[in-house]
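Working notes, structure below.
Chains as they are written, first to last, in the working numbering: chain W, 1291 to 1752; chain L, 4 to 103.
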């Protein structure tokens, strides 16, 4: 079978060789010039290799500290958050992930051209890795590649529904005409965000004003990957060395952990940028099919476009320390949020847009959501750690498990993934029926929902 | 002699969107006869970059609070492909004003 052959090739050459080849072929297929296709392919290989080098150097520093934290300090948070950048590399390094790149472009383009949806998702091709993480876990457990694909496609369809709910509001709030978010990890919060906002309004919280700009100048430095990395690293270092704080060696470990975490959080984005560069030519080429689109339609854009907005950034920054605290006291939680703490402003954008930039409401909604996220990460960590091991990144030694708060903590994604992991075809069937019903409902009430969200936003004070 | 441009490309964390914008900037302005260097960064790194090096333009795809005296343009037109012409026109005007 073709997948067995692919698997063999994949195992022999490894991701840093295999991934560039796939990118090269997809680029040529989309009529990108050979020179550009080659450069795209090469940056994918270089980005992947660069990542392996950094992560495999960081893991011997952080793993013993997490292990010691669990074993000696009695803090049972063995699930270490390695961040979305590493997770994207892992996702693109899985065989199922690489095949899905092509499938996703094709499917998303067809769904748009047939007007099944009014969102052109390949505009944010990069973020498709979010589906791949779940698909590769399904594949790992069930060894059935079709179940893996079915899971990813169902997640993709649900994502589109959620994106259609908030497309107008996001576009208006962030002032990007015809643009919306449409990735699994950013928009599936939408139903929750709409309901939470309605509840919080019942308490009159929409009347509280807070000027985000004044906070931004004062607090901005905390949200810096470099500064936050240092603080987090030292904090974890101290917690991990509580039993030997009177030794000089312990302080050596603590400070090294601080600098190393700071370094990783600053260096990861740079390597990610090289890797992401390999997607620009393909994204551009795939956008050709939107020329001449009529009616109301939206181009999916990357969540980075809303990151720096004042209310978004400030609500995110306020949540960072509180969420870390919650992690220590939340019953059942084993996740230690780390690298992805700086990524919170990406995920709260639907909440921010729906509350029209109300920091108080957004922070409350966000913290409730992320508390659930911590538990989902705890639950998915053993599986994801296995996937990480399969692609040759040596993390998660001893008691340590790995996760990404942003990508693997997604409640809706895990609910869709569950029936596939259990290989329960009845549940999968129920899920499909539920999707079809939701699709029909949204078609019917979408205009009314959008009107409600607009009115609701305008009644909220900033 | 070719005219050199040094452009800073900004997005949320200086990863995905900024690198796409950077690649596009290089494509567009190389075709217009410039020799282009584009660097990706996140909004809070702007001050550091601007202190270290001279930039002809900041192209931002995420809201920017301060551009530290460097001419800045929203690059959303390049991201979406709708409004590319306007971006190029505005950028060329800025370059011309600075003798490039």
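Think of the CB as a built atom: it goes at the ideal place given N, C-alpha and C, for glycine as much as any other residue.
Any Cβ of chain W within less than 9 angstroms of the Cβ of residue i?
i: residue 74 (chain L); result: no
i: residue 93 (chain L); result: no
i: residue 43 (chain L); result: yes
i: residue 53 (chain L); result: no
i: residue 39 (chain L); result: no
i: residue 67 (chain L); result: yes
i: residue 70 (chain L); result: no
i: residue 62 (chain L); result: no
i: residue 102 (chain L); result: no
i: residue 36 (chain L); result: no
With a threshold of 9 angstroms between beta-carbons, can residue i be considered close to chain L, or not?
i: residue 1258 (chain W); result: The structure shown has nothing for residue 1258 (chain W), since chain W only spans 1291 to 1752.
i: residue 1695 (chain W); result: no
i: residue 1636 (chain W); result: yes
i: residue 1466 (chain W); result: yes
i: residue 1593 (chain W); result: yes
i: residue 1611 (chain W); result: no
i: residue 1325 (chain W); result: no
i: residue 1514 (chain W); result: yes
i: residue 1566 (chain W); result: yes
i: residue 1632 (chain W); result: yes
i: residue 1571 (chain W); result: yes
i: residue 1755 (chain W); result: What is shown of chain W runs 1291 to 1752, which leaves residue 1755 (chain W) out entirely.
i: residue 1525 (chain W); result: no
i: residue 1600 (chain W); result: yes
i: residue 1563 (chain W); result: yes
i: residue 1433 (chain W); result: no
i: residue 1511 (chain W); result: yes
i: residue 1574 (chain W); result: yes
Candidates the options: which alpha carbon is nearest residue i's?
i: residue 1342 (chain W); options: W:1357, W:1372, W:1331; result: W:1372
i: residue 1573 (chain W); options: W:1392, W:1610, W:1623; result: W:1392
i: residue 1430 (chain W); options: W:1474, W:1711, W:1643; result: W:1711
i: residue 1496 (chain W); options: W:1435, W:1458, W:1646, W:1394; result: W:1646
i: residue 1411 (chain W); options: W:1307, W:1578, W:1738, W:1555; result: W:1578
i: residue 1542 (chain W); options: W:1344, W:1345, W:1355, W:1314; result: W:1355
i: residue 1744 (chain W); options: W:1409, W:1296, W:1381, W:1461; result: W:1461
i: residue 1506 (chain W); options: W:1415, W:1599, W:1520; result: W:1599
i: residue 1297 (chain W); options: W:1328, W:1433, W:1348; result: W:1433
i: residue 1470 (chain W); options: W:1458, W:1316, W:1320, W:1716; result: W:1458
i: residue 1698 (chain W); options: W:1408, W:1313, W:1739, W:1630; result: W:1630
i: residue 1557 (chain W); options: W:1323, W:1299, W:1348, W:1301; result: W:1348
i: residue 1665 (chain W); options: W:1700, W:1330, W:1642; result: W:1700
i: residue 1634 (chain W); options: W:1651, W:1644, W:1605; result: W:1605
i: residue 1650 (chain W); options: W:1687, W:1486, W:1299; result: W:1486
i: residue 1474 (chain W); options: W:1311, W:1436, W:1707; result: W:1707
i: residue 1384 (chain W); options: W:1448, W:1401, W:1678; result: W:1678
i: residue 18 (chain L); options: W:1585, W:1414, W:1680; result: W:1414
i: residue 1527 (chain W); options: W:1591, W:1583, W:1501, W:1626; result: W:1626
i: residue 1607 (chain W); options: W:1618, W:1656, W:1594, W:1580; result: W:1656
i: residue 1705 (chain W); options: W:1694, W:1304, W:1717; result: W:1717
i: residue 28 (chain L); options: W:1571, W:1732, W:1445; result: W:1571
i: residue 1565 (chain W); options: L:94, L:103, L:22, L:36; result: L:22
i: residue 1313 (chain W); options: W:1387, W:1436, W:1366, W:1364; result: W:1387
i: residue 1547 (chain W); options: W:1562, W:1529, W:1749; result: W:1529
i: residue 67 (chain L); options: W:1749, W:1381, W:1503; result: W:1503
i: residue 1733 (chain W); options: W:1482, W:1453, W:1400; result: W:1453
i: residue 1726 (chain W); options: W:1350, W:1444, W:1642, W:1315; result: W:1444
i: residue 1416 (chain W); options: W:1402, W:1424, W:1375; result: W:1375
What are the residues that DSSP puts in a beta bridge with residue i?
i: residue 1370 (chain W); result: W:1626, W:1692
i: residue 8 (chain L); result: L:39
i: residue 1590 (chain W); result: W:1470
Spell out whether any CB of chain B is found under 9 angstroms from the CB atom of residue i.
i: residue 1375 (chain W); result: Judged by its chain identifiers, the structure shown contains no chain B, and its protein chains are W and L.
Chain W contacts made by the segment 16-32 of chain L, where a contact means CB separation under 8 angstroms | Close to chain W, meaning a Cβ-Cβ distance shorter than 8 angstroms, are the following residues of the segment 16-32 of chain L: 16, 17, 18, 19, 20, 21, 22, 23, 25, 26, 27.
Can you check the segment 1464-1493 of chain W for any beta strand (DSSP E) of at least 3 residues that lies completely inside it and give the ranges in chain order?
-> As far as the segment 1464-1493 of chain W is concerned, it has no whole beta strand (DSSP E) run of at least 3 residues.
Kindly provide the ranges of any alpha helix (DSSP H) runs that are 4 or more residues long and lie completely inside the segment 1405-1467 of chain W, ordered along the chain.
-> Entirely contained in the segment 1405-1467 of chain W, the alpha helix (DSSP H) runs reaching 4 residues are, in chain order, 1419-1432, 1435-1463.
Compile a chain-ordered list of the residues in the segment 1647-1660 of chain W whose CB is closer than 9 angstroms to at least one CB of chain L.
-> Result list empty, no residue passes.
Could you give the uninterrupted runs of the alpha helix (DSSP H) lying entirely in the segment 13-91 of chain L, keeping only those of 4 residues or more?
-> Counting whole runs of 4 or more residues, the segment 13-91 of chain L contains the alpha helix (DSSP H) stretches 19-34, 49-55, 79-83.
Within 9 angstroms of chain L by C-beta, residues of the segment 1535-1554 of chain W in sequence order | Of all residues in the segment 1535-1554 of chain W, none is placed with a Cβ closer than 9 angstroms to any Cβ belonging to chain L.
Near-chain L residues of the segment 1413-1425 of chain W - C-beta to any C-beta below 7 angstroms = Within the segment 1413-1425 of chain W, the residues whose Cβ lies closer than 7 angstroms to some Cβ of chain L are 1416, listed in chain order.
At a Cβ cut of 9 angstroms, what residues of the segment 1447-1459 of chain W count as close to chain L, listed as they run along the chain?
-> Listed in sequence order: no entries.
Within the segment 1511-1584 of chain W, note down every full alpha helix (DSSP H) run reaching 4 residues or more, in order along the chain.
-> Segments of the alpha helix (DSSP H) lying fully in the segment 1511-1584 of chain W: 1515-1530, 1538-1567, 1570-1576.
Contact list for the segment 1576-1588 of chain W against chain L, Cβ threshold 7 angstroms = Going along the segment 1576-1588 of chain W in chain order, one finds 1577 with a Cβ nearer than 7 angstroms to chain L.
Using a Cβ-Cβ cut-off of less than 8 angstroms, give me the residues of the segment 77-89 of chain L that come near chain W, in sequence order.
-> Under the 8 angstroms Cβ criterion, the segment 77-89 of chain L contributes 79, 82, 83, 84, 85.
Name, going along the chain, the residues of the segment 1467-1483 of chain W whose beta-carbon falls closer than 9 angstroms to a beta-carbon of chain L.
-> For the segment 1467-1483 of chain W, residues whose beta-carbon sits nearer than 9 angstroms to a beta-carbon of chain L comprise 1467, 1468, 1469.
Report the residue ranges of all alpha helix (DSSP H) runs contained in full by the segment 1617-1671 of chain W; include only those spanning at least 4 residues, in chain order.
-> Secondary structure within the segment 1617-1671 of chain W: the alpha helix (DSSP H) runs of 4 or more consecutive residues, fully enclosed, are 1634-1637, 1639-1644 (chain order).
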